[in-house]
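Q: Per the UniProt record's numbering, the sequence shown runs over residues 1 to 166.
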Amino acid sequence: MSDNAKSCFPPVVNAQTRLLILGSLPGDASLQAAQYYAHPRNQFWRLLGELLGCELVALDYPARLAALQQHGIGLWDVVAQAQRQGSLDAAIRGISPNDLPALCASLPALRAVAFNGSTAASIGRKQLAAMATLPVLFDLPSSSPAYTLSYSAKLAQWLALRAALA
Numbered sequence: 001m002s003d004n005a006k007s008c009f010p011p012v013v014n015a016q017t018r019l020l021i022l023g024s025l026p027g028d029a030s031l032q033a034a035q036y037y038a039h040p041r042n043q044f045w046r047l048l049g050e051l052l053g054c055e056l057v058a059l060d061y062p063a064r065l066a067a068l069q070q071h072g073i074g075l076w077d078v079v080a081q082a083q084r085q086g087s088l089d090a091a092i093r094g095i096s097p098n099d100l101p102a103l104c105a106s107l108p109a110l111r112a113v114a115f116n117g118s119t120a121a122s123i124g125r126k127q128l129a130a131m132a133t134l135p136v137l138f139d140l141p142s143s144s145p146a147y148t149l150s151y152s153a154k155l156a157q158w159l160a161l162r163a164a165l166a
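Okay, structure coming up:
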């Protein structure tokens, strides 16, 4: 494998997962920290904290994951492995996708899937298209600092996920 070979983390899900949030592939900061959304400027934890009404940013990583699971939220990525220099989604090449239909089928409480960014949506929607019964799908603006939409505009769209958790 070259230095540009990147792999995703295992899914963070359980039988109570009602909402599955899918990114594309962890960036370099996340891979180095072995944590989802570890880049300090990524707005993921702040967005979800506002969605859930709890201060996720102040928690350590295991507590963040536990809080998500307590609220019925799971995490994973649409890409299992790929080549990518740096962290930008535009640089992803040679994609090996994750088996999203199998994961979704294994989650009895799943109501919705949210894609964190357009790359995740493009790849993930193709993978889920073959499912007989689709959960509700949300295409969200990326929480990445590389996506320059204002925080308030991102939050307005991310708050739509409350319906999947109700």
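Built from N, CA and C at the ideal position, the CB exists for glycine as well. Predicted model only: the values in this text are computed from it and were never measured.
(1) Could you tell me which whole alpha helix (DSSP H) segments of length 4 or greater appear in the region 65-149?
(2) Consult DSSP for Ser7 and reduce its assignment to one of helix, strand or coil.
(3) What's the C-alpha gap between Asn4 and Leu65?
(4) So is Asp89 buried or exposed if we call it buried at 16+ other beta carbons inside 10 Å?
(5) From Leu59 to Gln83, what distance separates their C-alpha atoms?
(6) Taking the Cβ atom as the reference point for each residue, do Val79 and Pro97 lie within a distance shorter than 8 angstroms?
A: Once the coordinates are examined:
(1) Complete alpha helix (DSSP H) runs here, min 4: 100-105, 118-128.
(2) Reduced to three states, the DSSP call for Ser7 is strand.
(3) The alpha-carbon separation between Asn4 and Leu65 amounts to approximately 27 angstroms.
(4) When all chains shown are included, Asp89 counts as buried.
(5) Roughly 32 angstroms between the two C-alpha positions.
(6) A Cβ-Cβ contact shorter than 8 angstroms links Val79 with Pro97.
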